[in-house]
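Visitor: Pasting a structure below so you can have a look.
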Amino acid sequence: MASSSLSKTHQPDSSPDSALRVAIVGAGVAGASAAFHLHDLSRSAPISITIYESQSIVGGRVVSVPAQDTPHEIVEAGSPHFFTDDGCLTGAFESTGLSFPPPHPFALPNSVGLWNGKDIAAGTYCNIESPTWRNLARLIVRYGTLAFRLESPAWRHLPLLIARHGMSTWRFHQVLASTSRSWKILGVLHPFDNFSQALRDADLGDDIVFRSADNYLRELGISQKFLSEVVEPCTRARFSQNLQSVSALSALMATRRAKGVSVSGGNSRLIERMIDLSGADLRLNSTVVEIRNGDTRRYQLSVALMSPADPPTMAHTEYDIIILALPIHDENINLSIPGRSSKTFPALQSFAESHVTHFSTSRTISPTFFYSSVNTSIPDDLLTTAHSSNILSTGRSDVCFYSRPCLRDDECDQCQDDNNMYRVISRTLLSEIDLARLIGKQWREGQSLADIGISWVHRQAWSQALLIPHGDRQIRETGNIEIAAKLFHLGGVEGMLSSMEMSCRMGRNAARLLTRPGVHGPDVAHPEL
Numbered sequence: 001m002a003s004s005s006l007s008k009t010h011q012p013d014s015s016p017d018s019a020l021r022v023a024i025v026g027a028g029v030a031g032a033s034a035a036f037h038l039h040d041l042s043r044s045a046p047i048s049i050t051i052y053e054s055q056s057i058v059g060g061r062v063v064s065v066p067a068q069d070t071p072h073e074i075v076e077a078g079s080p081h082f083f084t085d086d087g088c089l090t091g092a093f094e095s096t097g098l099s100f101p102p103p104h105p106f107a108l109p110n111s112v113g114l115w116n117g118k119d120i121a122a123g124t125y126c127n128i129e130s131p132t133w134r135n136l137a138r139l140i141v142r143y144g145t146l147a148f149r150l151e152s153p154a155w156r157h158l159p160l161l162i163a164r165h166g167m168s169t170w171r172f173h174q175v176l177a178s179t180s181r182s183w184k185i186l187g188v189l190h191p192f193d194n195f196s197q198a199l200r201d202a203d204l205g206d207d208i209v210f211r212s213a214d215n216y217l218r219e220l221g222i223s224q225k226f227l228s229e230v231v232e233p234c235t236r237a238r239f240s241q242n243l244q245s246v247s248a249l250s251a252l253m254a255t256r257r258a259k260g261v262s263v264s265g266g267n268s269r270l271i272e273r274m275i276d277l278s279g280a281d282l283r284l285n286s287t288v289v290e291i292r293n294g295d296t297r298r299y300q301l302s303v304a305l306m307s308p309a310d311p312p313t314m315a316h317t318e319y320d321i322i323i324l325a326l327p328i329h330d331e332n333i334n335l336s337i338p339g340r341s342s343k344t345f346p347a348l349q350s351f352a353e354s355h356v357t358h359f360s361t362s363r364t365i366s367p368t369f370f371y372s373s374v375n376t377s378i379p380d381d382l383l384t385t386a387h388s389s390n391i392l393s394t395g396r397s398d399v400c401f402y403s404r405p406c407l408r409d410d411e412c413d414q415c416q417d418d419n420n421m422y423r424v425i426s427r428t429l430l431s432e433i434d435l436a437r438l439i440g441k442q443w444r445e446g447q448s449l450a451d452i453g454i455s456w457v458h459r460q461a462w463s464q465a466l467l468i469p470h471g472d473r474q475i476r477e478t479g480n481i482e483i484a485a486k487l488f489h490l491g492g493v494e495g496m497l498s499s500m501e502m503s504c505r506m507g508r509n510a511a512r513l514l515t516r517p518g519v520h521g522p523d524v525a526h527p528e529l
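Counting in the UniProt record's numbering, the sequence shown runs from 1 upward without gaps.
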């Protein structure tokens, strides 16, 4: 949008002159975390926080959608969950007073399978704990003897992998255990100015984020078969990419054993709550288009204000500190800050598109979609290998049990809907024809989705950062968090590891950097200097 088409206004400054003015660009996990922790760490200093978000809602890549347009059933079109060992998110969760959805007493664990391009075999759990004997018994009630082919109790899980893949299983679990220990302390012990330094402090080298998972893990002696059948299906489900396009750290995080949890009423409530408790001035439909030197304060932000009822206007407001809490590719921000002692700005990365499609139906996914035998049963969660070019993963749950917050003890038992809720991750948009094929129906011109048994559908497209090239030294040396004086960029690690927890840690780290005494001069810790 050309600035000449925008009317210009000066954004009013209602904060006291003595207050340090901080602008956060982006109201996703990183921005909400930065505001939340900055408010918590700077209680003794006057500070004014403003959050700019170009969209009409907060959340960024956390999008909680009412299923079938009802407020009681929530699906996650973005990040589906976080994990109990994600320290930053669980800490924020506890501090904000939110709750987990109550478990339904009759909900059965999902079965897992793997489509390898030829047939559907037993699959390996990604990011969740292996099933117990009790879970297996409950699966037998639903699936009969098929449960033995699709599942194995927790104590048998590792020996079965060893029997199939030999020493590769042991080698992989060794590096996974070591990396998981380091991940827990990454950026936790003290604030970091540079991400490469944070990796070293956590006993992780640059190679684990700058080399492809395929190359890194094969050099450790892990077989291609193990990578293709165990590791890659998890990276496809979690990061929508094959092993050649993700970092080794991403692949290891996609397969670590951890319990996934979500927020009752939707994960977006956590972002909303953090922003509310921060006391920040939230400005939606506000796109930052330029950052330049200020007159009375360090920087001036030029913001395009969008309104459905009025023509767009351009507002100019000055701030002491700016935190860019979003991937730079998401916003076309012009940085006009000559005369500043700036560090290298992160180079633009390559991105690939992926799609998350939810749909509700009383039917099940048809094996004929995968050119499999009609007698094959499709498990609840289906992972895929690189032989499946478009479908990355599918997942099923009962509509009544899907992230539903029950207001009364007996409310969950009242649901009579026998529909299935499917979540399908794909490289390209799933058309009506594709959805019809998924459930074994033929699409005819003039039909609606309801005609073929699909009562509700929601589509969401996302851009996924691809691996930063290992040989590009210039890009590898741009891990600085402060890219110019008091200008922080939190999205530079997206190609290394894109997750809710990493975004939360980056936001918390920015707050810690700003509240360190005697490091940044007249900062939050010492506003009078």
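We put the CB at the ideal spot given by N, CA and C, even for glycine.
Given that a residue counts as buried once 16 or more other Cβ atoms are within 10 Å of its Cβ, and exposed if not, what is L513?
Guide: The residue in question, L513, is buried, as its Cβ has 16 or more Cβ neighbours within 10 Å.
Visitor: Using CA coordinates, which residue listed in M314, R238 and D193 is at the minimum distance from R516?
Guide: D193
Visitor: Tell me the DSSP bridge mates of Y216?
Guide: None, per the DSSP bridge assignment.
Visitor: Strictly by DSSP, which residues pair up with D276?
Guide: DSSP lists no partner for D276.
Visitor: Does the region 231 to 245 come close enough to the region 267 to 282 that 3 or more CB-CB pairs lie under 8 Å?
Guide: Output reads no: the region 231 to 245 does not touch the region 267 to 282.
Visitor: According to the neighbour-count rule (16 or more other Cβ atoms, all chains shown, within 10 Å of its Cβ), is A511 buried or exposed?
Guide: buried
Visitor: To which residues of the same chain is R297 closer than 7 Å at the C-beta, ignoring the five residues directly before and after it?
Guide: Counting only Cβ-Cβ distances below 7 Å, and skipping sequence neighbours, we find R21, E318, Y319 and D320.
Visitor: Below 6 Å CB to CB, which residues in the same chain sit around R508 once its five sequence neighbours on both sides are set aside?
Guide: In the same chain as R508, and ignoring 5 residues on each side of it, the C-beta atoms closer than 6 Å to its own belong to S33, H37 and C88, in chain order.
Visitor: If I'm right that S247 touches I208 with Cβ under 8 Å, what's the distance once you round it to whole angstroms?
Guide: 7 Å
Visitor: Quick one: grab the DSSP three-state call for S307.
Guide: coil
Visitor: Can you tell me which of S302, V356, R396 and I425 puts its alpha carbon nearest to the alpha carbon of S388?
Guide: I425
Visitor: Three-state secondary structure (DSSP) at T296?
Guide: coil
Visitor: In whole angstroms, what is the alpha-carbon distance linking E229 and T255?
Guide: 12 Å
Visitor: Applying the criterion that 16 or more other CB atoms from any shown protein chain within 10 Å of the CB defines a buried residue, is K441 buried or exposed?
Guide: buried
Visitor: DSSP beta-bridge partners for D281?
Guide: T50
Visitor: Counting Cβ pairs, one atom from each stretch, are 3 or more of them under 8 Å apart for the region 77 to 84 and the region 37 to 50?
Guide: no
Visitor: Contact between the region 490 to 500 and the region 166 to 182: three or more CB pairs below 8 Å?
Guide: no
Visitor: What are the start and end residues of the beta strand (DSSP E) that includes Q464?
Guide: Unbroken beta strand (DSSP E) run through Q464: I454 to A465.
Visitor: Compute the distance between the beta-carbons of L467 and S182, then report whether it is under 9 Å.
Guide: no
Visitor: Kindly confirm or deny that the region 418 to 438 and the region 447 to 460 touch, where touching means at least three C-beta pairs closer than 8 Å.
Guide: yes
Visitor: Taking Cβ positions, are V25 and L324 nearer each other than 9 Å?
Guide: yes
Visitor: If L114 and T385 are in contact, beta carbons under 8 Å, what's the gap, nearest whole angstrom?
Guide: Right, the Cβ-Cβ distance comes to about 7 Å (below 8 Å), so this counts as a contact.
Visitor: Confirm, please, whether the CB-CB distance from V263 to P379 is below 9 Å.
Guide: No, the Cβ-Cβ distance between P379 and V263 is not below 9 Å.
Visitor: Which of the three DSSP states is assigned to residue 543 in this structure?
Guide: Any property of residue 543 remains undetermined from this structure, which presents the chain solely from 1 to 529.
Visitor: Which of the three DSSP states, helix, strand or coil, is assigned to T317?
Guide: strand
Visitor: In whole angstroms, what separates the C-alpha of S350 from that of S18?
Guide: If you take the alpha carbons of S350 and S18, they lie about 42 Å apart.
Visitor: So, under 8 Å CB-CB, A280 and T50 are touching, yes? Tell me the CB distance rounded to an integer number of Å.
Guide: 6 Å
Visitor: Per DSSP, what kind of secondary structure is E232 in: helix, strand or coil?
Guide: Helix.
Visitor: If you count every other CB in all the chains shown that lies within 10 Å of the CB of G60, and 16 or more means buried, which is it?
Guide: buried
Visitor: Please look up how many angstroms separate the CB atoms of T169 and F226, rounded, as I've assumed it's under 8 Å.
Guide: 7 Å
Visitor: Kindly indicate which three-state DSSP category H355 falls into: helix, strand or coil?
Guide: strand
Visitor: Smallest Cα separation from residue 553: which of T84, N480, R423 and R200?
Guide: Absent from the structure is residue 553, since the part of the chain shown begins at 1 and ends at 529.
Visitor: Given a cut-off of 9 Å on the beta-carbon distance, is the pair M421 and F359 in contact?
Guide: yes
Visitor: Cα separation between A258 and L435?
Guide: 32 Å
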